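Chemist:
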Amino acid sequence: MNTPVSTSAEGMAGFFSRIGRPRSGQSVLVTLASSAAAVVLAMLIGGLVLLVTGKDPVEAFSKMVSSGTQPYKLAEAVQRATPLIIAAVAVAIGFKMNLFNIGVEGQFLMGMFWAGVAGAYVELPPVLHVTFCLLIGIIAGAIWAGIAGLLRVKRGVNEVIATIMLNSIALALIDWLFNDFFRYENPGNLDVRTKPLPTSAWMPTLFTVTSKTDGGGSVSTDVTSFVLIALLVVVAFWLLIYKSQFGFRLRASGGNAVAARTAGISSNRMILTAMLLSGGVAGLAGLPALLGTTHSYGPTRPDGYGFNGIAVALLGRNHPAGIIISALLWGFLDATAGPLQIAKIPQSIILVIKAIILITVVIVNEVVNRKMAKRTADRTAAQLAAPVAVTA
Numbered sequence: 017m018n019t020p021v022s023t024s025a026e027g028m029a030g031f032f033s034r035i036g037r038p039r040s041g042q043s044v045l046v047t048l049a050s051s052a053a054a055v056v057l058a059m060l061i062g063g064l065v066l067l068v069t070g071k072d073p074v075e076a077f078s079k080m081v082s083s084g085t086q087p088y089k090l091a092e093a094v095q096r097a098t099p100l101i102i103a104a105v106a107v108a109i110g111f112k113m114n115l116f117n118i119g120v121e122g123q124f125l126m127g128m129f130w131a132g133v134a135g136a137y138v139e140l141p142p143v144l145h146v147t148f149c150l151l152i153g154i155i156a157g158a159i160w161a162g163i164a165g166l167l168r169v170k171r172g173v174n175e176v177i178a179t180i181m182l183n184s185i186a187l188a189l190i191d192w193l194f195n196d197f198f199r200y201e202n203p204g205n206l207d208v209r210t211k212p213l214p215t216s217a218w219m220p221t222l223f224t225v226t227s228k229t230d231g232g233g234s235v236s237t238d239v240t241s242f243v244l245i246a247l248l249v250v251v252a253f254w255l256l257i258y259k260s261q262f263g264f265r266l267r268a269s270g271g272n273a274v275a276a277r278t279a280g281i282s283s284n285r286m287i288l289t290a291m292l293l294s295g296g297v298a299g300l301a302g303l304p305a306l307l308g309t310t311h312s313y314g315p316t317r318p319d320g321y322g323f324n325g326i327a328v329a330l331l332g333r334n335h336p337a338g339i340i341i342s343a344l345l346w347g348f349l350d351a352t353a354g355p356l357q358i359a360k361i362p363q364s365i366i367l368v369i370k371a372i373i374l375i376t377v378v379i380v381n382e383v384v385n386r387k388m389a390k391r392t393a394d395r396t397a398a399q400l401a402a403p404v405a406v407t408a
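The opening position of the sequence shown corresponds to residue 17 in my numbering, with each subsequent residue numbered one higher.
(1) Does the distance from the C-beta atom of ALA161 to that of LEU292 stay below 8 angstroms?
(2) For the alpha helix (DSSP H) holding THR392, just list the boundary residues, first then last.
(3) If the criterion is Cβ atoms closer than 8 angstroms, does the pair MET113 and ALA290 meet it?
(4) Look up TYR137 in the DSSP assignment and say whether it is helix, strand or coil.
(5) Across the stretch 340–357 and the stretch 89–103, are there enough close Cβ pairs to call them in contact, namely three or more that are closer than 8 angstroms?
(6) Select from PHE223, ILE287, PHE253 and ILE361 the residue whose C-alpha is nearest the C-alpha of ARG171.
(7) Going by the DSSP bridge assignment, what does TYR258 pair with across the sheet?
(8) Alpha carbon to alpha carbon, how far is ALA393 from VAL267? Give it in angstroms, no decimals.
(9) Start and end of the beta strand (DSSP E) containing SER227?
(10) Between which two residues does the alpha helix (DSSP H) harbouring VAL239 extend?
(11) Could you tell me the alpha carbon to alpha carbon distance between PHE111 and LYS228, rounded to whole angstroms?
(12) Beta carbon of VAL120, beta carbon of GLY325: below 8 angstroms?
(13) What is the DSSP secondary structure of TYR88, reduced to helix, strand or coil?
(14) For ALA131, does the count of other Cβ atoms within 10 angstroms reach 16, so buried, or fall short, so exposed?
(15) Tell me the rounded alpha-carbon separation between ALA279 and PRO355.
(16) Look at the alpha carbon of LEU67 and the alpha carbon of ARG199, and state the distance between them as a whole number of angstroms.
(17) Just verifying my parser: in three-state terms, what is the DSSP assignment at TYR321?
(18) Assign ALA398 to buried or exposed, taking buried as 16 or more other Cβ atoms, counted over all protein chains shown, within 10 Å of its Cβ.
(19) Rounded to whole angstroms, what is the Cα-Cα separation between ILE180 and SER234?
(20) Could you spell out where the alpha helix (DSSP H) holding PRO355 opens and where it closes?
(21) Report all residues from its chain with a CB closer than 8 angstroms to the CB of SER236; omit the five preceding and five following residues, and keep chain order.
(22) Using a Cβ-Cβ cutoff of less than 6 angstroms, which residues in the same chain neighbour ASP238 once the five nearest sequence positions on both sides are dropped?
(23) Inspect the beta-carbon positions of ALA301 and ALA164 and report whether they are closer than 8 angstroms.
(24) What residue from ASP207, ILE159, SER82 and VAL107 has the CA that sits closest to THR310's CA?
(25) Tell me, which residues are paired with ARG209 by DSSP?
(26) The alpha helix (DSSP H) spanning HIS335 covers which residue range?
(27) For the alpha helix (DSSP H) that ALA279 lies in, which residues bound it at each end?
(28) For the candidate residues LEU60, VAL81, SER364 and MET126, whose alpha-carbon lies nearest to that of LEU189?
(29) Which residues mark the beginning and the end of the alpha helix (DSSP H) in which ALA158 is found?
(30) Among the candidates ALA158, PHE129 and VAL65, whose CA atom is the shortest distance from the CA of TRP192?
(31) Work out the CA separation of PRO214 and GLY70 for me, nearest whole Å.
(32) Sort GLY263, PRO304, THR316 and SER260 by Cα distance to LEU247 and report the nearest one.
(33) What does the Cβ neighbour count give for PRO141, buried or exposed, with the cut at 16 atoms within 10 Å?
(34) Is the beta carbon of SER322 sitting closer than 8 angstroms to the one on THR210?
(35) Measuring alpha carbon to alpha carbon, tell me which residue in TRP218, TRP254, LEU256 and ALA54 is nearest PHE242.
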């Protein structure tokens with residue numbers, strides 16, 4: 017006979033099918049629209065701030081567009097976006113596991129420091145030398161993030177608290193090691209740094225963009241080949257998270273650890289693996305500067321990549337394509353800060369716009385997620401309520 021039944025196994029199957037199912041076109045459009053709305057709203061609020069402070073918002077935004085669309089500024093935006101793409105991927109890996117890796121800042125500094133130190137004391141052919149520095153950066157970042165992973169798995173320490181503390185510890189540890197062990201005294205040069213990397217460890221310039229200035233001169237921007245590595249990181253992220261069995265297990269465990277554990281997926285193992293992967297990718301974020309421009313580590317190190325990476329990942333909704341677009345937007349905003357200052361428009365408006373974008377995108381994403389979750393729950397409830405024919 018036929019008996020209508022509804023079991024928890026059906027709910028489990030529905031959960032895992034949703035994890036593995038590609039997002040619908042409507043879902044993608046809603047995601048893009050929500051992020052675009054956040055950016056537009058941030059621009060409007062930024063314009064209002066300018067108006068209140070006595071500045072002309074039309075003039076400010078016109079200056080941003082006119083200067084930012086010049087070829088050499090577009091190239092600068094790409095160059096600035098490169099480390100942000102890598103940092104955002106590192107953050108997104110944690111988000112996919114429902115982990116908030118706020119320690120990308122310390123992890124990329126660890127990767128940059130140890131790659132600069134180790135790379136200066138070896139002699140290898142050009143391609144192998146660059147690869148060696150990349151591996152050192154990955155290992156250093158992974159080890160530093162792995163500490164937070166172990167604390168979470170073994171002691172239940174929240175990764176947000178652990179990674180924030182590890183950021184401060186990383187800065188203090190690196191400064192101590194640099195000052196006491198790895199300072200390279202270069203006579204006649206007051207800019208103290210680590211031992212310079214050999215030319216075999218330098219990333220070559222991919223292309224140079226030159227533009228004419230209003231005064232008749234020219235300015236140029238070099239784009240290093242590290243942008244290709246950043247794109248490879250994004251492609252690897254997409255293949256690993258969305259196209260592999262491991263990525264399915266990672267997203268399943270992050271979406272519902274209890275359901276995943278019932279299916280034989282160890283949540284603790286996935287937490288530790290996700291933190292190691294996230295830290296390893298984060299360790300690469302400082303290498304565009306190390307291998308492309310500075311060729312050594314020093315007190316004038318880059319900063320803010322980790323925290324900007326969080327903003328880029330949130331704005332891009334942790335999706336590979338969204339991360340690239342968001343990083344380019346961040347790079348564009350940074351590239352236009354200088355021309356704004358020359359035009360006597362406070363460049364701090366860029367920071368205000370970034371902050372408003374971050375706050376707005378979090379609010380908009382939360383509203384959209386709740387509505388989509390409610391719609392999904394209603395559909396699931398309707399499917400479970402329908403009788404299922406089972407032959408006794």
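All C-beta atoms, glycine included, are put in the ideal place defined by N, C-alpha and C.
Note that the structure is predicted; figures quoted are calculated from it, not measured.
Modeler: Looking at the coordinates:
(1) yes
(2) 364–401
(3) yes
(4) coil
(5) yes
(6) ILE287
(7) Beta-bridge pairing links TYR258 to no other residue.
(8) According to the sequence provided, residue 267 is Arg. The question's Val does not apply to it. The alpha-carbon atoms of ARG267 and ALA393 are separated by roughly 19 angstroms.
(9) 221–228
(10) Counting along the chain, VAL239 falls outside any alpha helix (DSSP H), though it belongs to the beta strand (DSSP E) covering 234–240.
(11) 43 angstroms
(12) yes
(13) helix
(14) buried
(15) 56 angstroms
(16) 48 angstroms
(17) helix
(18) exposed
(19) 43 angstroms
(20) 353–358
(21) TYR88, THR224, VAL225, THR226 and SER227
(22) THR221 and THR224
(23) no
(24) ASP207
(25) TYR200
(26) Premise fails: HIS335 is in no alpha helix (DSSP H) and is neither H nor E.
(27) First-last for ALA279: undefined, no H or E at that position.
(28) MET126
(29) 142–171
(30) PHE129
(31) 51 angstroms
(32) PRO304
(33) exposed
(34) First, the amino acid is wrong: residue 322 is Gly here, not Ser. No, they are not a contact pair.
(35) TRP218
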